[in-house]
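Participant:
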Amino acid sequence: MSLKVLSRRRFVGLLAGTLLFAACGADPDTGKPATTEPAVAETTAPADTAAPAEGDAASEKKMAAERIVSLSATATEMLYAIGAQDQIVAVDNFSNYPQEAADFATKIDAFEPSVEAISELDPTVVLLTYDPGDLQAQLEKLGIKVWFGAAAATLDDTYKQISELGDLTGKADDAAALVDSMKTEIEETITSMELPDAPVSYYYELDNTFFSVTSNTFVGQLMSRFMLQNVADTAEAGNDYPQLSAESIISSNPQMIFLADTKCCKQTAETVAARAGWDVIDAVKNGNVVELDDDIASRWGPRVVDLVKIVADAVTKYMTAAKG
6 MSLKVLSRRR
16 FVGLLAGTLL
26 FAACGADPDT
36 GKPATTEPAV
46 AETTAPADTA
56 APAEGDAASE
66 KKMAAERIVS
76 LSATATEMLY
86 AIGAQDQIVA
96 VDNFSNYPQE
106 AADFATKIDA
116 FEPSVEAISE
126 LDPTVVLLTY
136 DPGDLQAQLE
146 KLGIKVWFGA
156 AAATLDDTYK
166 QISELGDLTG
176 KADDAAALVD
186 SMKTEIEETI
196 TSMELPDAPV
206 SYYYELDNTF
216 FSVTSNTFVG
226 QLMSRFMLQN
236 VADTAEAGND
246 YPQLSAESII
256 SSNPQMIFLA
266 DTKCCKQTAE
276 TVAARAGWDV
286 IDAVKNGNVV
296 ELDDDIASRW
306 GPRVVDLVKI
316 VADAVTKYMT
326 AAKG
């Protein structure tokens, strides 16, 4: 049985709570949003894989999920980061980091996941970020447990999911160490740099049809830590993933532009500068168009630390140039 995702537009609507829908081949972990954002679902670990009592290593090993199917590129990155990669039996076709995940022998089509193919792998648990065609219900009907990790709204959501996967895999200590490391690196990166005295305006591009994010989103909250002011915040009341117009972006004259569509839509500082009328924008004139890796920019796993460092470097470059 194949659960066919009906259409790109329909799929976009289902993924309104995530960060990016790559127009040239979408990662289900990353969805370009519709006009409204649903509440972020709670992540839930299967009941019989709860964390064991402290110090009970034998119990932890016994309860660990031994055969994991990950249909979430973000969850796959988390599993590798906590050392649970040997417990993975299959990943989705968008799980491309680290390289071992990209080279994984058994891949499941994220858009048309086959219940039969998944079942034949005899998984202990299947990891989902979204649920195409009632996949979760069909798996559970077959007695296959499902862990659902919705798109994070905050860093705390990321840390919670890493911790849950640590409990699920018997890697609780490794997960706790990863969370502590991420917290430390993020805080040290921000506190060790010089931040702007006044807010610096920016435009964050999800794709080349000008979908963006507000400061209420996961990435928007990260940006706010750097004294960056989002030009999309006033675009559309109640919609944290608005589609802006070229005219509104130009008139907002952002001092920085962040491109999260360099892979999906082949956007670069050069393609932005070539857009009609965009050459007058301060960010373009002053060389402050920042090209992000789509995957790093749109996933909420361990590489959030990398995103923070990239933004920190970009803001530092902006500050240095502004001082002359």
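6 is the number of the first residue of the sequence shown in the numbering used here; add one for each residue after it. Just so it is clear, CB atoms sit at the ideal spot from N, CA and C, and this is done for glycine as well.
1. Can you tell me which of I254, P128 and T189 puts its alpha carbon nearest to the alpha carbon of S206?
2. Going by other Cβ atoms of all chains shown within 10 Å of its Cβ, with 16 needed for buried, is S64 buried or exposed?
3. Considering only DSSP beta bridges, list what E121 is partnered with.
4. Find the nearest neighbour of N101 within the set V310, L312, E190 and D299, judged by alpha-carbon distance.
5. What's the C-alpha gap between V96 and G243?
6. Answer with buried or exposed for G282, where buried requires no fewer than 16 other C-beta atoms within 10 angstroms of its C-beta.
7. Looking only at its own chain, which residues have a Cβ that is under 6 Å from the Cβ of I262, when we skip the five neighbours before and after it?
8. I need the straight-line Cα distance from D108 to W305, nearest angstrom please.
9. Helix, strand or coil for D114 per DSSP?
10. Cutting at 8 Å between CB atoms, please list the residues of its own chain near P204, excluding the five before and the five after it.
11. At the level of alpha carbons, what is the spacing between A157 and Y135?
12. W152 and L183: beta carbons closer than 7 Å?
13. Going by beta carbon distance, what residues of the same chain come within less than 7 Å of P103, once the five residues before and after it are set aside?
14. Using 8 Å for Cβ pairs, my map puts A237 next to S250. What's the rounded Cβ distance?
15. Only counting runs of 3 or more residues, tell me where the beta strand (DSSP E) segments fall wholly within the segment 253 to 306, in order along the chain.
16. When you compare only the Cα positions, how much space is there between T129 and Y164?
17. Nearest CA to the CA of L297: which residue from V320, D266 and D91?
18. Buried or exposed: where does E193 fall if 16 or more other Cβ atoms within 10 Å of its Cβ makes it buried?
Facilitator: This is what the structure gives:
1. The candidate whose alpha carbon is nearest that of S206 is I254.
2. With a pLDDT of only 48 at S64, under 50, the local geometry of the prediction cannot be trusted, and no value is derived from it.
3. According to DSSP, which records beta bridges pairwise, E121 is partnered with nothing at all.
4. Here the closest residue by C-alpha is D299.
5. Rounded to the nearest angstrom, the two C-alpha atoms are 35 Å apart.
6. Its Cβ having fewer than 16 others within 10 Å, G282 is exposed.
7. Its chain contains Y208, A288 and V294 as the residues whose beta carbon lies nearer than 6 Å to that of I262, once the 5 sequence neighbours on both sides are disregarded; these appear in chain order.
8. Going by the C-alpha atoms only, they are around 21 Å apart.
9. Note: D114 maps to coil in three-state DSSP.
10. Excluding residues within five positions, the ones whose Cβ falls inside 8 Å are M232, L233 and Q234.
11. Going by C-alpha positions, A157 is about 12 Å away from Y135.
12. No, the pair does not count as a contact, with Cβ atoms beyond the cut-off.
13. Here the set comprises Y85.
14. That pair is no contact at about 11 Å.
15. For the segment 253 to 306, whole beta strand (DSSP E) runs of length 3 or above, ordered along the chain, are 261 to 264 and 294 to 296.
16. Here the C-alpha atom of T129 lies approximately 23 Å from the C-alpha atom of Y164.
17. The candidate whose alpha carbon is nearest that of L297 is D266.
18. Looking at its Cβ environment, which holds fewer than 16 other Cβ atoms inside 10 Å, E193 is exposed.
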